[in-house]
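FYI, the numbering used here numbers position 87 of the sequence shown as 263, with every residue one higher than the one before it. The C-beta atom is built at its ideal place from N, Cα and C for all residues, glycine as well. First comes the structure, then the notes that go with it.
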Amino acid sequence: MDDESDLSIAADWLREARNVVVFTGAGASAESGIPTFRDDDGFWQEFPVDEFATWRGIVRTALVQPRRLAEFAYAVLHPMAIAKPNAGHLAIADMERHTRVTVVTQNVDGLHGAAGSTIVHEIHGSLFEVVSLKGRFVRLISRRQVQAMSAKLERIRKGWFCLPRTLLAIRPWLGLGRRGLHRPKLVLFGDALAEPDWTLARQAVQKCDCLIQIGCSGVVWPAAELPQTAKAAGACVIAIDPQRTPADIWLRGTAAEVMPALVKRAFGDR
Ligand code: OAD
Numbered sequence: 177m178d179d180e181s182d183l184s185i186a187a188d189w190l191r192e193a194r195n196v197v198v199f200t201g202a203g204a205s206a207e208s209g210i211p212t213f214r215d216d217d218g219f220w221q222e223f224p225v226d227e228f229a230t231w232r233g234i235v236r237t238a239l240v241q242p243r244r245l246a247e248f249a250y251a252v253l254h255p256m257a258i259a260k261p262n263a264g265h266l267a268i269a270d271m272e273r274h275t276r277v278t279v280v281t282q283n284v285d286g287l288h289g290a291a292g293s294t295i296v297h298e299i300h301g302s303l304f305e306v307v308s309l310k311g312r313f314v315r316l317i318s319r320r321q322v323q324a325m326s327a328k329l330e331r332i333r334k335g336w337f338c339l340p341r342t343l344l345a346i347r348p349w350l351g352l353g354r355r356g357l358h359r360p361k362l363v364l365f366g367d368a369l370a371e372p373d374w375t376l377a378r379q380a381v382q383k384c385d386c387l388i389q390i391g392c393s394g395v396v397w398p399a400a401e402l403p404q405t406a407k408a409a410g411a412c413v414i415a416i417d418p419q420r421t422p423a424d425i426w427l428r429g430t431a432a433e434v435m436p437a438l439v440k441r442a443f444g445d446r
């Protein structure tokens, strides 16, 4: 963890803030067992962006290399299906006992809600929401359904493979019936960010006085502009990440280690 004086200053800012935004990326869920995107063991190392980060690329992969699609879907679903909130998620939720907190997340794993955070804007969508091809809300699916999809995909990967079996395995996401074709509400490259979450996130950032950025590499826009927007509006920006991150204060360390320490230092055991 970073030096004690940085932690103390960050804790003072947090205690004095009236509106706090916590902005999270993949690093916030790493200690829940979900790989990040760009670290050495990240998703994009095994599943390149040009094949898997756009809907067009995914459809092309499904047609040309359907088994790879099953592997990708399993690699995304499995860790998220079994993940539980870590100490970082829990500390963020606990902070609501002391101050007004809005969570803005790029993660689609639902772990902030599972930890008990009440205001969560999922700007890159959610694995648990199904939309029409035009993006209209259709239904929610449960973590149990996601676990069932993941289990079916695992059997397909290990055994007899064919594309229709893969599509049937992820049927809760796709609809595949008289009610039309659906898709998970996941924002991929080239898509607009999820609404109303993105609008609400920007509003929250513009009126916050402290933004805590956790586990974001800051390379994917427009989400990456949020810390700068907060700064321009007069807020202080605290970053928690093992890698150096531009901020007023960078607390070096992991989400599950630093976030509970920061909340404890700011608010004690009150
Ligand atoms: P990245 O994989 O780009 O960055 C992860 C960040 O988390 C890095 O800064 C790591 O140093 C940090 N990190 C790793 N382990 C950590 C831990 N235990 N605690 C805290 N930080 C840790 O992930 P994102 O910035 O979230 O978008 O990626 C942004 C977007 O790129 C994703 O939402 C996704 C991806 O392409 C879309 O697909 C649209």
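Rounded C-alpha distance that separates Gly292 from Trp189: Against the sequence shown, residue 292 aligns to sequence position 116. Against the sequence shown, residue 189 aligns to sequence position 13. When rounded, the separation of the alpha-carbon atoms in Gly292 and Trp189 is 23 angstroms.
Top-ranked residue by Cα proximity to Leu387, from Val277, Glu247 and Glu207: Counting from one through the sequence shown, the residue named residue 387 turns up at place 211. If we check each option's Cα against that of Leu387, Val277 comes out closest.
In the DSSP output, what is Phe199 paired with across the bridge? Along the sequence shown, one-based indexing puts residue 199 at 23. Bridge partners of Phe199: Val280 and Gln389.
Is any non-hydrogen atom of the ligand OAD found closer than 7 angstroms to the C-beta of Ser302, if you look at the structure I gave you? The residue labelled residue 302 in the question sits at position 126 within the sequence shown. Relative to the ligand OAD, even the nearest heavy atom lies 7 angstroms or more away from the CB of Ser302.
Within 7 angstroms: the Cβ of Gln323 and any heavy atom of the ligand OAD? The residue given as residue 323 occupies position 147 in the sequence shown. In this structure, Gln323 has its beta carbon at no less than 7 angstroms from each heavy atom of the ligand OAD.
Looking at the unbroken alpha helix (DSSP H) that takes in Leu339, where does it start and where does it end? Here the question's residue 339 lines up with position 163 in the sequence shown. That run of the alpha helix (DSSP H) goes Leu339 to Ala345.
Counting C-beta neighbours from all protein chains within 10 Å, is the total for Ser302 16 or more, i.e. buried, or is it exposed? The residue you call residue 302 lines up with position 126 of the sequence shown. With 16 or more other Cβ atoms within 10 Å, it is buried.
I need the straight-line Cα distance from Gly203 to Ala415, nearest angstrom please. Within the sequence shown, residue 203 is the residue found at index 27, counting from 1. Within the sequence shown, residue 415 is the residue found at index 239, counting from 1. Cα-Cα distance, rounded: 12 angstroms.
Pair within 8 angstroms by beta-carbon distance, Leu287 and His265: Here residue 287 is taken as the residue at index 111 of the sequence shown, counted from 1. Here residue 265 is taken as the residue at index 89 of the sequence shown, counted from 1. Cβ distance < 8 angstroms, so Leu287 and His265 count as in contact.
Counting pairs of beta carbons, one from the region 226-237 and one from the region 358-370, are three or more of them closer than 8 angstroms? Result yes; three or more Cβ-Cβ pairs closer than 8 angstroms.
Quick one: using the 10 Å Cβ neighbour count with 16 as the cut-off for buried, is Pro224 buried or exposed? Locating residue 224 in the sequence shown gives position 48, counting from the first residue. With fewer than 16 other Cβ atoms from the protein chains shown falling within 10 Å of its own Cβ, Pro224 counts as exposed.
Can you tell me where the beta strand (DSSP E) holding Gly301 begins and where it ends? By one-based count along the sequence shown, residue 301 stands at place 125. Gly301 -> beta strand (DSSP E) spans Gly301 to Ser308.
Assign Ala409 to one of two classes, buried (16 or more other C-beta atoms within 10 Å of its C-beta) or exposed (fewer than that). Against the sequence shown, residue 409 aligns to sequence position 233. It is exposed - the Cβ of Ala409 has fewer than 16 other Cβ atoms within 10 Å.
Which residues bound the alpha helix (DSSP H) around Glu371? Against the sequence shown, residue 371 aligns to sequence position 195. Looking at the DSSP string, Glu371 is not in any alpha helix (DSSP H), and its letter there is neither H nor E.
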